[in-house]
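For reference, the structure is listed below as structure tokens.
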Amino acid sequence: MTVENRLLDKADWYFENALTNYLHSYSLQKEELTQKDYREIYRWAANHIGFFVTWLILHDAKELMFPDEETVFQSLKNEQTLGVDYLLDWCDGKLGTMDITKDFQAFVNDYYEHQYMDDYSEFVVNDLYDLPLEFLGSWEDYHLFAPVIDQAYAHYLAGKRFH
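The opening position of the sequence shown corresponds to residue 962 in the working numbering, with each subsequent residue numbered one higher.
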């Protein structure tokens, strides 16, 4: 199955909600924000994408877009870099079908578009007792969540579709 190259998700789409949550969480006004604060807000906005990109990289399902990207992939695999930081620094906060290896494109297109955000939100609320766009996930959080994506992928391979 050929999947057209298109944008699946983008941190910018969630920035305003993450900004509102950040200002409320830290009792700040927008005028008080520093560059460091803005970086953290983008990390909050992109955390769900970062978790998914981490899963892709750990499953060799993320295309290398630049030769020197291999080093950061290894850093991520060694848990020295968070997926959200890779996403913001190397992918401009975006995930597109062109970023996915051909073997995984159909799964990503189906699952990410139709079920992933529900699974992620349910995990954040029920397992972490937090809210999406209000926190930055850790490696520990990722390891708790990864089996959800693993199970979705196994179901997909067994014929389940999410749309």
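For every residue, glycine included, the Cβ atom is placed at its ideal position computed from N, Cα and C.
This one's a predicted model, so the numbers in the text were calculated from it and none came from an experiment.
Residue interval of the alpha helix (DSSP H) (run including residue i)
i	result
LYS1063	1063-1072
LEU989	Taken as a continuous stretch (DSSP letters only), LEU989 belongs to no alpha helix (DSSP H), as it is neither H nor E.
LYS1038	1030-1038
LEU1105	1100-1118
ALA1022	Element bounds for ALA1022: n/a, residue is neither H nor E.
GLU1083	1078-1087
ASP1050	1044-1051
Residue from the options whose Cα sits closest to the Cα of residue i
i	options	result
ARG967	ASP1060, ASP1079, TYR1081 and TYR1103	ASP1060
TYR1003	LEU1043, HIS1075 and LEU980	LEU980
ALA972	SER986, VAL1014, LEU994 and LYS991	VAL1014
GLY1011	PRO1108, ARG1122 and TRP1100	TRP1100
VAL1109	TYR1090, TYR1073, LEU1094 and GLU1095	TYR1073
MET1026	HIS1009, ASN1008, THR1042 and ASP1050	ASP1050
HIS1124	ASP1088, LEU1097, LEU1089 and TYR1077	TYR1077
TYR1081	TYR1090, GLN1066, ASN1070 and PHE1106	PHE1106
LEU1118	LEU1043, HIS1075, VAL1085 and PHE1065	PHE1065
TYR987	TRP974, HIS1075 and GLU1001	GLU1001
GLY1120	ASP1071, LEU1089 and TYR1090	ASP1071
ASP970	CYS1052, ASP1088, HIS1116 and GLN1112	CYS1052
GLN1112	GLN990, ASN978, HIS985 and TRP1016	TRP1016
Endpoints, beta strand (DSSP E) assigned at residue i
i	result
ASP970	968-971
LYS1055	1055-1057
Presumed contact (8 Å Cβ cut-off) between residue i and residue j, rounded CB distance
i	j	result
TYR1103	PHE1068	With 8 Å as the limit, TYR1103 and PHE1068 do not qualify as a contact, their Cβ atoms being about 19 Å apart.
LEU1094	ALA1022	That pair is no contact at about 25 Å.
LEU1048	GLY1054	6 Å
LEU1097	ASN1008	6 Å
LYS997	ILE1018	Their Cβ separation, rounded to whole angstroms, is 26 Å, which puts LYS997 and ILE1018 out of contact at 8 Å.
THR1062	GLU1030	So it is not a contact: roughly 14 Å between Cβ atoms.
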